[in-house]
Amino acid sequence: MSITVALTVVGLVLLSSIIQRIAGMGFGMILAPFIVVMLGAHEGIMLVNFLSIIAPVLVVPRVWPDIEWRRVMWIGVPAIAIMPAAAWLSVNSPAGPLYMLVAALVLFGLSSSLILRRINRRVDGKTAQVITGIGSGAGTVLGGVGGPAVTIYAVLSRWPLISMIATLQPMWIMMSAASFGSKLAFDDGQLPGLPWWAWVGSAGAIVLGIFVGEWVQRRVDEKLVRRLVVVLAFLGALLALATGLREMLG
1 MSITVALTVV GLVLLSSIIQ RIAGMGFGMI LAPFIVVMLG AHEGIMLVNF LSIIAPVLVV
61 PRVWPDIEWR RVMWIGVPAI AIMPAAAWLS VNSPAGPLYM LVAALVLFGL SSSLILRRIN
121 RRVDGKTAQV ITGIGSGAGT VLGGVGGPAV TIYAVLSRWP LISMIATLQP MWIMMSAASF
181 GSKLAFDDGQ LPGLPWWAWV GSAGAIVLGI FVGEWVQRRV DEKLVRRLVV VLAFLGALLA
241 LATGLREMLG
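Numbering of the sequence shown is given in UniProt numbering, commencing with residue 1 and proceeding in unit increments.
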């Protein structure tokens, strides 16, 4: 692996960590499409899932009082339950069409949720949370993007921003670890051969990104953060769509 690629990985990890701390999500959505292009679909998603465990682990102690553990369970458990089936599907299906399917569903869901929000329709409850978990879990395994499904739920349920950011962190830990394990079980996947200094640099970038993101979060308006969350979800879907097209066209 070239030094340029390794340095780019570290830089992307830093950017993704900053966004993760500001918005509560975005680590995988920002990181996955670029990493997949540089390292390939399987090793790229494995790396994203692995690093996505570390970032929220470091955030959890800082947001612990605001975590809603019931939502963690009602969204996180269905997400984990769907992952073995999604992992099997990802191994036994062409990558390109899967990326495009995930992207299309996310774009449809996001657009629908924004329309419903404009007509003041609030959707919440255990059924909505279970469906969110299934969508997020499948998206995490198939494309490394579990955030858009949660964004749809957050928009429809009017989820308060502070508790949303806090509650998402243990969920990302659960989902990223389960996705990583599912890929190992079904695909005998492996992490890319980054040089040792790139691993150390990535760990340092996550820590630095969390502190920078926290500093920024305290100085921006809540409405701006909410818009950032929605923009990130659309960006994640569009990047997944582009990745799917690239895979199909070779």
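Note that the Cβ used here is the ideal one computed from N, Cα and C, for glycine as well.
Note that the coordinates shown come from a computational prediction; the quantities given were computed from them, not determined experimentally.
- Apart from sequence neighbours up to five positions away, the residues of its chain that approach residue 68 with a beta-carbon distance below 7 Å are 163 and 167, ordered along the chain.
- Contact between residue 63 and residue 114 is absent: CB atoms are separated by about 26 Å, not below the 8 Å threshold.
- Between residue 128 and residue 139, the C-beta spacing is not below 8 Å.
- At least 8 Å separates the beta-carbon of residue 194 from that of residue 32.
- Residue 65 and residue 13 have their C-alpha atoms spaced approximately 27 Å apart.
- Burial check for residue 106: the Cβ neighbour count within 10 Å reaches 16 or more, so the residue is buried.
- Annotation for residue 74: the continuous alpha helix (DSSP H) segment containing it runs 69-92.
- Under the three-state reduction of DSSP output, residue 62 falls in the helix class.
- For residue 16, the enclosing alpha helix (DSSP H) has its first and last residue at 3-23.
- Judged by their CB atoms, residue 8 and residue 38 are nearer to each other than the 8 Å cut-off.
- Check the Cα spacing between residue 241 and each of 92, 70, 108 and 10: the tightest is with 108.
- Annotation: the continuous alpha helix (DSSP H) that includes residue 213 extends over 196-217.
- A distance of 8 Å or more separates the beta carbons of residue 206 and residue 95.
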